[in-house]
Amino acid sequence: MLRKLVVAALCALGLVTMGTSANAEPAPSSSVTVAPGTVAPGAAVTFSVTLSNADADPLKGGKLGLGVANGAINQVLDVSTCADCYQAGNTIRYDVGDVPLNGSKTFTFSIGVFASAQLGQYAIEHQFVGDNYSYETLSGPTITVAR
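As structure tokens, this is what we get:
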């Protein structure tokens, strides 16, 4: 984060220029889609994820951090139904390993919705997390739990 602030300050002073056009938006560090968007309690949701590293250094020990707004992850998604996932506080994690500079990892996995999940709409949050640095938490798609 400090490195990004220093680069931004140097750019503002005209001491460093970035090789992107003024209209180009950087790709998000993580993107997540879900299918289906509406699911019954006890069914599964499939997550399609891309994690991208545009920082100046390789990201070590990369993983997806997946959450539900307001910390409701433990009331909606059953981590025990995903063989490659584990719980870390109010997030579900999915390990992807090291990601080099300008590298990315794309993967898909499914997680069950608790049979006891309350009906309603849940906003998914996601973050590209590493052992040496992490990116910001982003808002993602919503899952609607309905009968």
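If you count by mature numbering (1 follows the signal peptide of the UniProt record, and there is no 0), then the sequence shown holds residues -24 to -1, 1 to 123, one letter each, in order.
Glycine is no exception: its CB is placed at the ideal position from the N, C-alpha and C atoms.
Please state the DSSP three-state secondary structure of residue i.
i	result
Thr113	coil
Ala59	coil
Ala45	helix
Expressed to the nearest angstrom, what Euclidean distance is found between the alpha-carbon atoms of residue i and residue j?
i	j	result
Ala91	Val121	10 angstroms
Leu77	Arg123	44 angstroms
Ser24	Leu35	20 angstroms
Ala11	Ile119	9 angstroms
Gly96	Pro17	11 angstroms
Taking its Cβ as the centre, do 16 or more other Cβ atoms sit within 10 Å of residue i, making it buried, or is it exposed?
i	result
Gln103	buried
Glu101	buried
Comparing C-alpha positions only, which one of the options sits nearest to residue i?
i	options	result
Val105	Ala59, Asp31, Asp54	Asp31
Gly73	Val15, Val55, Asp107	Asp107
Apart from the five residues just before and just after residue i, which ones in its own chain have a Cβ nearer than 8 angstroms to its Cβ?
i	result
Tyr70	Val25, Lys39, Leu40, Leu42, Cys58, Asp60, Cys61, Phe83, Phe85
Ser80	Thr26, Leu27, Ser28, Asn29
Take residue i and list the residues in its own chain whose beta-carbon comes closer than 7 angstroms to its own, dropping the five residues that flank it on each side.
i	result
Thr67	Gly41, Leu42, Gly43, Ile49
In chain order, what residues of the same chain lie with their CB nearer than 6 angstroms to the CB of residue i, ignoring the 5 residues before and after it?
i	result
Asp54	Gly88, Phe90
Ala99	Ala45, Thr118
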